[in-house]
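Only one structure is covered here, and it is reproduced in the block below.
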Amino acid sequence: MNRLANETSPYLLQHAHNPVDWYAWGDEALQKAIEEDKPILVSIGYSACHWCHVMERESFENERVAQRMNELFVCIKVDREERPDVDAIYMEAVQAMGVQGGWPLNVFLMPDAKPFYGLTYAPAQNWFNLLGGVREAFDNNRDQLQQSAEGFAEHLNTSELARFNLTNGDPIFALETVETMYRKLATRFDTEDGGTGRAPKFPMPSIYGFLLRYADLTGDASAYNQLTLTLNRMALGGIYDQIGGGFARYSTDRHWFAPHFEKMLYDNAQLLTLYSEAYTLTGNALYRDTVYGTVRFVERELLSPEGGFYSALDADSERIEGKFYTWSAQELQTILGDDFEWFEQLYTITDEGNWDIGHGHGRTNILHRTETNPAFADQMGWTADELARKLADAHQKLMAERDKRIRPGLDDKMLCSWNGLALKGLVTAYRVFNEPDFLQTALRLAFFIRQKLTDSRNGGRLWHSYKMAPNNMPGRAKQLGFLEDYAAVIDGYLALYQATFNEDWLTEADRLAQYVFLHFDDVNPTADEKKDSPLFFFTDKSGEELIARKKEVFDNVIPASNSMMAHNLFTLSLLLNRPQYAERVDQMLGHIQALLEGQVYDLSNWAALYTMRVRPTAEIALVGPGAQAFRQEIDARFFPNKVLAGTESKSALPLLEHRTPIDGQTALYVCYNRACRLPVTSVSAMWEQVS
Numbered sequence: 050m051n052r053l054a055n056e057t058s059p060y061l062l063q064h065a066h067n068p069v070d071w072y073a074w075g076d077e078a079l080q081k082a083i084e085e086d087k088p089i090l091v092s093i094g095y096s097a098c099h100w101c102h103v104m105e106r107e108s109f110e111n112e113r114v115a116q117r118m119n120e121l122f123v124c125i126k127v128d129r130e131e132r133p134d135v136d137a138i139y140m141e142a143v144q145a146m147g148v149q150g151g152w153p154l155n156v157f158l159m160p161d162a163k164p165f166y167g168l169t170y171a172p173a174q175n176w177f178n179l180l181g182g183v184r185e186a187f188d189n190n191r192d193q194l195q196q197s198a199e200g201f202a203e204h205l206n207t208s209e210l211a212r213f214n215l216t217n218g219d220p221i222f223a224l225e226t227v228e229t230m231y232r233k234l235a236t237r238f239d240t241e242d243g244g245t246g247r248a249p250k251f252p253m254p255s256i257y258g259f260l261l262r263y264a265d266l267t268g269d270a271s272a273y274n275q276l277t278l279t280l281n282r283m284a285l286g287g288i289y290d291q292i293g294g295g296f297a298r299y300s301t302d303r304h305w306f307a308p309h310f311e312k313m314l315y316d317n318a319q320l321l322t323l324y325s326e327a328y329t330l331t332g333n334a335l336y337r338d339t340v341y342g343t344v345r346f347v348e349r350e351l352l353s354p355e356g357g358f359y360s361a362l363d364a365d366s367e368r369i370e371g372k373f374y375t376w377s378a379q380e381l382q383t384i385l386g387d388d389f390e391w392f393e394q395l396y397t398i399t400d401e402g403n404w405d406i407g408h409g410h411g412r413t414n415i416l417h418r419t420e421t422n423p424a425f426a427d428q429m430g431w432t433a434d435e436l437a438r439k440l441a442d443a444h445q446k447l448m449a450e451r452d453k454r455i456r457p458g459l460d461d462k463m464l465c466s467w468n469g470l471a472l473k474g475l476v477t478a479y480r481v482f483n484e485p486d487f488l489q490t491a492l493r494l495a496f497f498i499r500q501k502l503t504d505s506r507n508g509g510r511l512w513h514s515y516k517m518a519p520n521n522m523p524g525r526a527k528q529l530g531f532l533e534d535y536a537a538v539i540d541g542y543l544a545l546y547q548a549t550f551n552e553d554w555l556t557e558a559d560r561l562a563q564y565v566f567l568h569f570d571d572v573n574p575t576a577d578e579k580k581d582s583p584l585f586f587f588t589d590k591s592g593e594e595l596i597a598r599k600k601e602v603f604d605n606v607i608p609a610s611n612s613m614m615a616h617n618l619f620t621l622s623l624l625l626n627r628p629q630y631a632e633r634v635d636q637m638l639g640h641i642q643a644l645l646e647g648q649v650y651d652l653s654n655w656a657a658l659y660t661m662r663v664r665p666t667a668e669i670a671l672v673g674p675g676a677q678a679f680r681q682e683i684d685a686r687f688f689p690n691k692v693l694a695g696t697e698s699k700s701a702l703p704l705l706e707h708r709t710p711i712d713g714q715t716a717l718y719v720c721y722n723r724a725c726r727l728p729v730t731s732v733s734a735m736w737e738q739v740s
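Okay, structure coming up:
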């Protein structure tokens, strides 16, 4: 057993019994490299990563390979989810070397932690040979390697402003600009199967959040069609667990058929938000069913006893990817009996199997669909209720059988940022479907974040990661929060306030925003001058100093922390009358506008905010005993250009101050830029004022 045995990360603990003398990232390992003048090998991955497991089995569990690693390098293992700051730096360095990034990510560093070479997965013999070659280069060509490392370090420290030719200016919110963004994005659409590009295909929720807002703003049928095509295919495809609910991380093919079976909290959290919002625009029952199924999945598989959500489920069980989720036709026939015939047709089952499970294990079936419930019911001559009963019975039987199988591994650390995304997803689902259980789970999660991931002894700052302890011992929070933690949690709290009108959540969101200004901003405290750009750093100034301090610009499978913060500050500016927050948002959007027009695919969450700014945002105040009922009626319709404030009696919040019911009836006040219309007493009358 090596030093990793004392860590909380499940990924690091997976490597605790390797013969490699692994260190976790930290002063001990970095100091050892300096004292012994030894190069560093940093190996980065995460617990649900299939090829990380393969490389561990082939190389890190191999005594011969491990001995060579120990002799030649100081070896550091990093969980990319626990240390996204370290991962981001060395991923960017490897990409600057011309290597396509991915995990496992293996990077060789000089003793001062500056990178000089990197790669992803390598078979055992190739890896063994590479180790010797890298160390020989370090011993015999050190000056050249040091020069290369200095160059990569300089690249990493180049400001985003200089690297991307960003400018500081005022944004120009124009419909023509949004249309240009859409046309640029549309060149990447797969108009047959949905999504973008060919394969692999990732859900990319922020892209479709932009399409929702663009389609609503412009009425563009092509945007609406691409949005619904994609959401339909994902919900019916193998990437969605047709029996147990929830989405896998990505599809290995263009048809959303064969997933990479790992299930991540961050995907499912964001897809709850996306499908809930899409339901309010489309009324598509498939989206409602997908939301309910996904909530059931995260509550069943990822919810901890303390109310927070675990990070992920592995792709593998019994060291075979997808074995837990797939079925032979014979298994299904035995379990379902007379129901097999129609089930086989609906889920495209074949006797020989529709998917090769690999590694010599033959073929099996991934459950996937091409038809919606109404279409299939019509085809079979059944009512919708008849099909629903048959599906519920079949799914229950299959889940009972599946529960007997050996389960995929669980990554049971709880990440603040991903739990913030889950809070937003659950609250959005509650706002749309008025399901009390969704709100109860969301409230438990919000209290978990406040109790376990908030450091009350140090100004209420956030922790990034939390791990429960065995035997009812106190859990362990670690790693100072990153900008992504603050951005996601603030977003969740703002949604929770607008769902419940409990002002504690709004107060907490604003407190965290002020912490961000103090600890993540690019301001010289003595001169109060902007040094670089209006974007925020990814790391807290109180945290560990790495070889570079970065600002996250680009949206990916999770939106950039800066784009999330821009959304948050815009909402806070309206709810709390904070014009300085709105000014900062305009500075951020102005900073990236030129980049946005050319690279909207990588900036889609920024594009969603830009699209909202093309038209005014309504500030809607609900005052009186029916405030919650009116809130429910308003949230049933897709209308992103709004913020909601409400009280059953009175409040000192800017939007609610001095506002009262009208003759005892609940009143709705619609304002734009603090200029208010006459109050009304029905939601239908309110829509006339905002439409």
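Okay, so the sequence shown: first residue is 50 according to the working numbering, each after it adds one. Even for Gly, the Cβ is constructed at its ideal location relative to N, Cα and C. All values derive from a computational prediction rather than experimental measurement.
Checklist entry - To the nearest angstrom, how far is it from the Cα of residue 491 to the Cα of residue 476? => result 6 Å
Checklist entry - Are there 16 or more other CB atoms within 10 angstroms of the CB of residue 623, so buried, or fewer, so exposed? => result buried
Next on the checklist: If I follow the unbroken beta strand (DSSP E) through residue 720, where does it start and stop?
Outcome noted: 716-721
Checklist entry - Which ranges does the beta strand (DSSP E) cover as unbroken runs of at least 3 residues, wholly within the region 363-397, from first to last along the chain? => result Inside the region 363-397, DSSP marks no whole beta strand (DSSP E) run of 3 or more residues.
Checklist entry - Taking the alpha-carbon positions, what's the residue 676 to residue 628 distance? => result Going from the Cα of residue 676 to the Cα of residue 628 covers about 26 Å.
Checklist entry - Would DSSP call residue 259 helix, strand or coil? => result DSSP places residue 259 in helix when its eight states are reduced to three.
Checklist entry - Helix, strand or coil for residue 63 per DSSP? => result helix
Next on the checklist: For residue 242, count the other beta carbons within 10 Å of its own beta carbon; 16 or more makes it buried, fewer makes it exposed. Which is it?
Outcome noted: buried
Next on the checklist: Any heavy atom of the ligand ATP closer than 7 Å to the beta-carbon of residue 164?
Outcome noted: Absence of the ligand ATP from the depicted structure is noted, as is the absence of any ligand whatsoever, leaving it without description.
Next on the checklist: Helix, strand or coil for residue 99? Go by DSSP, reduced to three states.
Outcome noted: helix
Next on the checklist: Assuming contact is defined by CB atoms lying nearer than 8 Å, are residue 469 and residue 565 in contact in what I supplied?
Outcome noted: No, the pair does not count as a contact, with Cβ atoms beyond the cut-off.
Checklist entry - Name the DSSP bridge partner or partners of residue 695? => result In the DSSP output, where bridge partners are listed per residue, residue 695 has 671.
Checklist entry - Could you give the distance in angstroms between the alpha-carbon of residue 404 and the alpha-carbon of residue 681? => result It is roughly 44 Å from the alpha-carbon of residue 404 to the alpha-carbon of residue 681.
Item to check | Range covered by the alpha helix (DSSP H) that runs through residue 565 | outcome: 552-568 is the span of the alpha helix (DSSP H), which, as asked, contains residue 565.
Checklist entry - In terms of alpha-carbon separation, which member of 177, 160, 618, 126 lies closest to residue 153? => result 126
Item to check | Within 8 Å, strictly: CB atoms of residue 57 and residue 691 | outcome: no
Checklist entry - Quick one: what's got a C-beta closer than 6 Å to residue 541's C-beta in the same chain, skipping five residues either side? => result 469, 472, 473
Checklist entry - What did DSSP end up calling residue 191 once you bin it into helix, strand or coil? => result helix
Checklist entry - Does residue 594 get closer than 8 Å to chain B when you measure Cβ to Cβ? => result Although the question refers to chain B, the structure presented lacks it and comprises just one protein chain.
Item to check | Contact set for residue 63: own chain, Cβ-Cβ below 6 Å, skip 5 residues either direction | outcome: none
Next on the checklist: I'd like to check one pair, residue 488 with residue 558: are the Cβ atoms closer than 8 Å?
Outcome noted: no
Next on the checklist: Can you tell me which residues form a DSSP beta bridge with residue 724?
Outcome noted: BP columns for residue 724 point to 721.
Checklist entry - Can you tell me the Cα-Cα spacing of residue 464 and residue 432, whole angstroms? => result 44 Å
Checklist entry - For residue 600, is the classification buried or exposed, using 16 other Cβ atoms within 10 angstroms of its Cβ as the cut-off for buried? => result buried
Next on the checklist: Using a Cβ-Cβ cutoff of less than 7 Å, which residues in the same chain neighbour residue 252 once the five nearest sequence positions on both sides are dropped?
Outcome noted: 283, 296, 316, 320
Checklist entry - What's the gap between the Cα of residue 336 and the Cα of residue 380? => result 29 Å
Next on the checklist: When you compare the CB positions of residue 257 and residue 276, do they come within less than 8 Å of one another, or not?
Outcome noted: yes
Next on the checklist: Excluding the 5 residues flanking residue 596 on each side, which residues of the same chain have their C-beta closer than 7 Å to its C-beta?
Outcome noted: 138, 162, 163, 202, 205
Next on the checklist: DSSP has residue 412 in a bridge; who is on the other side?
Outcome noted: 405
Next on the checklist: For the alpha helix (DSSP H) containing residue 162, name the first residue and the last one.
Outcome noted: Neither: residue 162 is in no alpha helix (DSSP H) and is coded neither H nor E.
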